[in-house]
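Here the structure is laid out as structure tokens; the discussion comes afterwards.
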Amino acid sequence: MGQLLDRVTAKASALQIPIQAHLDVTWKCNERCVHCYLDHGIGGDMTTDEIRTLFDQLAAAGTFFLVISGGEIMLRKDIFDIVAHARSLLLDVRLKTNGLLIRKPEAERFGRLGVRTVDISIYSWRHEVHDAVTLIPGSLARSLAAVRYLRDEGMEVEMRTTIMRDSAADYPGIQALAKELGVVARFDPTMNPRLDGDRKPFDYRVSNETLKEIYRDPRLAEEAYCAPPSPVDADVLDGHSCEAGHGGVYITPQGDVTPCVQFPMVCGNIRRNTFAEIWNGPQFRRLRDVRVRNLPVCSTCANSPVCSRCPGLAYSETGDFRAPSSIDCEKSFARTGIPSALMQIRSAASSRAQENGAGFAGLGASSPLVQIAGIQ
Amino acid sequence: MNDIYVARSSAIAARALEEEMVIMSMRDSTLFTLNEVAAEIWRAADGKTPLSEIVRNNICAKFATDPDAAYADAEIFCRQLSDCGILMLSDRPIELGG
Numbered sequence: 004m005g006q007l008l009d010r011v012t013a014k015a016s017a018l019q020i021p022i023q024a025h026l027d028v029t030w031k032c033n034e035r036c037v038h039c040y041l042d043h044g045i046g047g048d049m050t051t052d053e054i055r056t057l058f059d060q061l062a063a064a065g066t067f068f069l070v071i072s073g074g075e076i077m078l079r080k081d082i083f084d085i086v087a088h089a090r091s092l093l094l095d096v097r098l099k100t101n102g103l104l105i106r107k108p109e110a111e112r113f114g115r116l117g118v119r120t121v122d123i124s125i126y127s128w129r130h131e132v133h134d135a136v137t138l139i140p141g142s143l144a145r146s147l148a149a150v151r152y153l154r155d156e157g158m159e160v161e162m163r164t165t166i167m168r169d170s171a172a173d174y175p176g177i178q179a180l181a182k183e184l185g186v187v188a189r190f191d192p193t194m195n196p197r198l199d200g201d202r203k204p205f206d207y208r209v210s211n212e213t214l215k216e217i218y219r220d221p222r223l224a225e226e227a228y229c230a231p232p233s234p235v236d237a238d239v240l241d242g243h244s245c246e247a248g249h250g251g252v253y254i255t256p257q258g259d260v261t262p263c264v265q266f267p268m269v270c271g272n273i274r275r276n277t278f279a280e281i282w283n284g285p286q287f288r289r290l291r292d293v294r295v296r297n298l299p300v301c302s303t304c305a306n307s308p309v310c311s312r313c314p315g316l317a318y319s320e321t322g323d324f325r326a327p328s329s330i331d332c333e334k335s336f337a338r339t340g341i342p343s344a345l346m347q348i349r350s351a352a353s354s355r356a357q358e359n360g361a362g363f364a365g366l367g368a369s370s371p372l373v374q375i376a377g378i379q
Numbered sequence: 719m720n721d722i723y724v725a726r727s728s729a730i731a732a733r734a735l736e737e738e739m740v741i742m743s744m745r746d747s748t749l750f751t752l753n754e755v756a757a758e759i760w761r762a763a764d765g766k767t768p769l770s771e772i773v774r775n776n777i778c779a780k781f782a783t784d785p786d787a788a789y790a791d792a793e794i795f796c797r798q799l800s801d802c803g804i805l806m807l808s809d810r811p812i813e814l815g816g
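Protein chains in written order, with my numbering: chain A, 4 to 379; chain B, 719 to 816.
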């Protein structure tokens, strides 16, 4: 499917069709994961009818892949109605859940509705470690039960693991568990700041040294993942960083539309405007106009051919999606061993400051935050 | 000629992408793209209309082609999609559930 999927995605992007949409149906949750970036107290969720209308508009705009996530989706009493409407529009539905409220009857209903894929968050194969992340005793056992129920109904189940400081060594065990269950395991050490800007989730990140080891573990990544980058050429410079706002879009439970779940630039709200009005509006158009050659720092970076630069993280860090993201600079450095353009600028500035005998608080050491979103 | 009836499976995801149709089977996650002619047949596959009528009204009327050859190609195409689980075939009209 890979090459055909790539072609379809590229065509949608070129045509500016939102082929993949991600909707959080609620931010309420029945787990309290220590690293979570959401505020579970924010209400005002869209009603069932509002979500149905949104799906109608997404389908009309060309959406094919729909991710329904949260918060915890099973806390919506209308979740089956929501999924049923999506499937009636022939949308490909992927659910993201912790699985705590999914037993055989719920799995059967999702199976009958034609859900293709379900992602379940698993933080460790060790109960005490997983439950210490979710803060819910017995949560791993319940999540794994859901994995089995959904798998038995014929859905593709993926165990999604955030690699964290205290569970960084657990991924081989999770891979073994996934193999035993006949499901897929995927890993990602990305941490996001909380919605209010609180960087507490970063306390749970893995160290840079651990990240380098992870990137070079053949059980997780191909050898080419850490190969030296090819020269920066016109293809690289004419490209864009990711599909956010080109072929992908995110909608909050309250109807705010942003380019991606990691890109909190609100471009409109579907309670005030139609999806098409927002998607074709000035903020999305401005985002789509930006190519790598328009990025003031990243266009000069030797890592740009391999960097999985996230404009959303850049926006969160600096308020400018054209700026470099120190998080991604650390990530590409961990892969290639080549300091990014931003790191070199900071290093030179720091040297000058030291020569001048001055402190240099503003552009000091780069963020130790790491992520591995590319290995999926 | 024994005519056949064709109906779209509900166990799929589908969306038009310009002139082509993108379809994914829920059964095994296989992704297909149908060209303009194939997409015409797929759209018209309502379970009630015989394939010969679909070919006559939706293919021969829009694309200059020989009816017999078009029907033969369409039948092969429909059987291939049936094997993939994205079309249902029958020698009688197909009742589709809600």
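The C-beta atom is built at its ideal place from N, Cα and C for all residues, glycine as well.
1) If you count every other CB in all the chains shown that lies within 10 Å of the CB of residue 16(A), and 16 or more means buried, which is it?
2) For a test of the three-state rule: what should DSSP assign to residue 24(A), helix, strand or coil?
3) List, from N- to C-terminal side, the beta strand (DSSP E) runs of 3 residues or more that fit wholly inside the region 177–224 of chain A.
4) Whole angstroms is fine: what's the gap from residue 742(B)'s alpha carbon to residue 748(B)'s?
5) Using beta carbons (cut-off 8 Å, strictly below), is residue 756(B) in contact with chain A?
6) Decide if the region 7–14 of chain A is in contact with the region 38–52 of chain A; the criterion is three or more beta carbon pairs, one per stretch, under 8 Å apart.
7) In three-state terms, what does DSSP make of residue 739(B)?
8) Mind checking which residues open and close the beta strand (DSSP E) that includes residue 260(A)?
9) Excluding sequence positions up to five away, which residues of its chain have a Cβ less than 8 Å from the Cβ of residue 269(A)?
10) Whose Cβ in chain A lies nearer than 9 Å to the Cβ of residue 799(B)?
11) My output table needs one value for residue 353(A): the three-state DSSP class, helix, strand or coil.
12) Output needed for residue 720(B): all residues of its chain with C-beta closer than 7 Å, excluding positions within five of it in sequence on either side, in chain order.
13) For residue 319(A), which residues from the same chain have a beta carbon less than 7 Å from its beta carbon, with the 5 sequence-adjacent residues on both sides left out?
14) Between the C-alpha atoms of residue 112(A) and residue 329(A), what's the straight-line distance to the nearest angstrom?
15) Tell me residue 272(A)'s beta-bridge partners as DSSP assigns them.
16) Closest Cβ-Cβ distance between residue 20(A) and chain B: below 8 Å?
17) Go ahead and label residue 122(A) buried or exposed: buried means 16 or more other beta carbons lie within 10 angstroms of its beta carbon, across all protein chains shown.
18) I'd like the list of long-range same chain contacts for residue 366(A), defined as Cβ closer than 6 Å, with 5 residues on each side in sequence excluded.
19) Please report the distance separating the alpha-carbon of residue 344(A) from that of residue 174(A).
20) Any idea which residues DSSP pairs residue 70(A) with across the strands?
21) Give a yes or no on whether the minimum CB-CB distance between residue 94(A) and chain B is below 8 Å.
22) Compare the C-alpha of residue 78(A) against each of 252(A), 358(A), 323(A), 100(A) and name the closest.
23) Just curious, the alpha helix (DSSP H) that residue 86(A) is in, first and last residue?
24) Name, please, each residue of chain B whose Cβ falls closer than 7 Å to the Cβ of residue 14(A).
25) Is the beta carbon of residue 807(B) less than 8 Å from the beta carbon of residue 724(B)?
26) Whose C-beta lies closer than 6 Å to the C-beta of residue 127(A) among residues of the same chain, with five residues either side of it excluded?
27) Please report how far the alpha carbon of residue 325(A) lies from the alpha carbon of residue 308(A), in whole angstroms.
28) Which residues of chain B have a Cβ atom closer than 7 Å to the Cβ of residue 7(A), listed in chain order?
29) In the DSSP assignment, the beta strand (DSSP E) including residue 121(A) goes from what residue to what residue?
30) Taking only the alpha-carbon atoms, compute the straight-line gap between residue 766(B) and residue 726(B) and give it to the nearest angstrom.
31) In the DSSP assignment, the beta strand (DSSP E) including residue 767(B) goes from what residue to what residue?
32) If you measure from the beta carbon of residue 762(B) to each beta carbon in chain A, is any gap under 8 Å?
33) Residue 319(A) by DSSP, collapsed to three states: which one?
34) In three-state DSSP terms, what is residue 161(A)?
35) Residue 186(A) and residue 154(A) look like a contact to me (Cβ under 8 Å); what is the Cβ gap, rounded to whole Å?
36) How about residue 740(B): is its C-beta nearer than 8 Å to some C-beta of chain A?
According to the structure data:
1) buried
2) strand
3) 187–191
4) 6 Å
5) For residue 756(B), the answer is no, since every Cβ of chain A falls outside 8 Å of its Cβ.
6) no
7) strand
8) Taken as a continuous stretch (DSSP letters only), the beta strand (DSSP E) holding residue 260(A) covers 259–261.
9) 259, 260, 261
10) Result: empty, since nearest Cβ-Cβ is about 15 Å, beyond 9 Å.
11) In this structure, residue 353(A) counts as helix in the three-state DSSP scheme.
12) In its chain, beyond the 5 residues on either side, 809 have a beta carbon closer than 7 Å to the beta carbon of residue 720(B).
13) 196, 267
14) 44 Å
15) 259(A)
16) yes
17) buried
18) Low confidence applies to residue 366(A): its pLDDT is 31, below 50, so where it sits in the model is not reliable, and the reading given next is rough at best. Excluding residues within five positions, the ones whose Cβ falls inside 6 Å are 349, 352.
19) 32 Å
20) 25(A), 97(A)
21) yes
22) 100(A)
23) Note, residue 86(A): alpha helix (DSSP H), 82–91.
24) Going along chain B in sequence order, the residues near residue 14(A) (Cβ under 7 Å) are 735.
25) yes
26) Excluding positions up to five away in sequence, the list reads 133, 170, 173.
27) 16 Å
28) Under the 7 Å cutoff, chain B gives 749, 751.
29) 120–124
30) 11 Å
31) 764–768
32) no
33) helix
34) strand
35) 6 Å
36) At a cut-off of 8 Å between beta carbons, residue 740(B) contacts chain A.
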